[in-house]
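> Input: one structure, supplied below.
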Amino acid sequence: MGSTVETITVRMDEGHIDRGLIREAGDIIRSGGLVAFPTETVYGLGGNALNPLSSEKIYAAKGRPSDNPLIVHIADREALPLLVDEMPDTVGRLAERFWPGPLTMILKKSDRVPYETTGGLDTVAVRMPANRIARELIRAAGGYVAAPSANRSGRPSPTVARYVSEDLAGRVEMIIDGGDVLIGLESTIVDLTSDKPVILRPGYITRQMLEEVLAEVEEDSTLMREDSGQAPRAPGMKYRHYAPQGDLTIISGMEENVTAYINAKCMEQKRMHKRTGVIGTDETIGKYCADVCRSVGCRDDEVRIARELFRILREFDDECVDVIYAESFSDSGIGRAIMNRLLKAAGHKVVNV
Ligand code: TXA
Ligand code: MG
């Protein structure tokens, strides 16, 4: 698909929902068009989840392989039964605790969900976002909105509307700019179709939080390693992802070793006339000699790191950086999601120093 559609961008505050604009956006989706909108995790690219043609349009607009299934977004619990064939009792408990919010559940799909939406799978991913603009839009659009992150395939997910427009202007009918997102990383995905619940993508809702509701939760073995010899169970996780244009490497080790190694590398790259970038923390950022230095915040403020990461990855593109070195972060709690995204963005290139 070329750049053919005229894109209108509208601004809306979560505290002041503009009913007229929401109705207009809902009508676009009902009639088969696409609307990008804010959620609490990242911006989504929405189409009618029950219309196979809408899902095809989403794949085309994103430049995404069509075997990579979409998440169906609902606004109300009552909307769920139409989508699914089986409702394990875990669903109610998880929904009670985490919906609306950044949790996606994988369930057996009903006949109403087209295979175009699920990338050919017999299962469907369902999420009820917390953002009020998102929920009003879903209701106005008929209740079922398929929405991947609103980036061109492979790029970091957008956490501000400017990056949605950079990737999708001319490819969607409307962009709703609802300001900065709250969380900054995509939802946690949990598969409820096998004996034990399995986390397919870590997110703001951690394994520990899930285990407070479900007795035991496993984690897909492909999440933190490059090649565990197994295909990931969330098809999307196999693709190169979140990658900035510059070549990104994670440097792990004691702080002094990391800063010394990165600075030596930056000098070396500069001699080769490469533009260098560093992802550091408030504690270390002043020590680096790279052309572009970005701090994700304090090392122990995981919530803030999650919120900053994708924006910073995009900023290196804005700054035309060729080579990027990132510090490594704790991978417990939300850190698990942060490191999962960073490892993917780096194509699993890690140097231990
Ligand atoms: O926070 C989010 O989840 C955001 C916002 C917009 O809601 N959406 C999002 O969608 O991240 P997307 O398409 O970028 O990522 C969806 C992931 C992909 O990795 C896909 O493979 C996986 O969910 N997925 C979707 N349906 C699945 C299914 N039936 N079985 C396994 N994995 C599935
Ligand atoms: Mg995505």
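What the sequence shown shows, in the working numbering, is residues 1215 to 1567, in sequence order. Glycine is no exception: its CB is placed at the ideal position from the N, C-alpha and C atoms.
Note down, in chain order, each residue of its chain lying with its Cβ closer than 6 Å to the Cβ of R1528, except the 5 sequence neighbours on either side.
P1370 and Y1377
> At a threshold of 7 Å, does E1380 count as lining the ligand MG (C-beta to nearest heavy atom)?
Result no, Cβ not under 7 Å from the ligand MG.
> Using 8 Å as the Cβ pair cut-off and three pairs as the minimum, do the stretch 1348-1362 and the stretch 1275-1293 touch?
yes
> Do A1540 and I1493 have their CB atoms nearer than 8 Å?
Closer than 8 Å, so yes.
> What three-state label does DSSP hand A1344 in the structure shown?
Judged by DSSP in its simplified three-state form, A1344 adopts coil rather than helix or strand.
> With a threshold of 7 Å, establish whether the CB of S1371 neighbours any heavy atom of the ligand MG.
yes
> If I follow the unbroken beta strand (DSSP E) through N1566, where does it start and stop?
Counting along the chain, the beta strand (DSSP E) containing N1566 begins and ends at V1564 to N1566.
> Any chance the stretch 1302-1322 sits against the stretch 1394-1405, with 3 or more Cβ pairs inside 8 Å?
yes
> Excluding sequence positions up to five away, which residues of its chain have a Cβ less than 7 Å from the Cβ of D1496?
Only S1509, G1511 and C1512 meet the Cβ criterion.
> Which residue or residues does DSSP assign as beta-bridge partners of S1466?
N1566
> Report the partner residues of V1359 according to the DSSP bridge assignment.
V1359 pairs with N1262 and H1287.
> What does the alpha-carbon distance come out to for the pair S1363 and Y1475?
35 Å
> Short check: CB of T1490 to CB of A1504, under 8 Å?
Taking C-beta atoms as the reference points, T1490 and A1504 count as a pair closer than 8 Å.
> Does the count of Cβ pairs from the stretch 1372-1387 and the stretch 1319-1327 closer than 8 Å reach three?
no
> Quick one: which unbroken alpha helix (DSSP H) runs of 4-plus residues sit fully inside the stretch 1503-1536? Chain order, please.
1516-1532
> Near I1397, which residues of its chain fall below 7 Å by C-beta distance, leaving aside the five closest residues on each side in sequence?
E1254, T1255, P1316, Y1418, A1520 and R1521
> Could you have a look at D1299 and say whether DSSP puts it in helix, strand or coil?
coil
> Can you tell which of A1348, R1485 and D1536 has its C-alpha closest to the C-alpha of V1506?
D1536
> For the candidate residues S1280, G1549 and E1482, whose alpha-carbon lies nearest to that of D1514?
G1549
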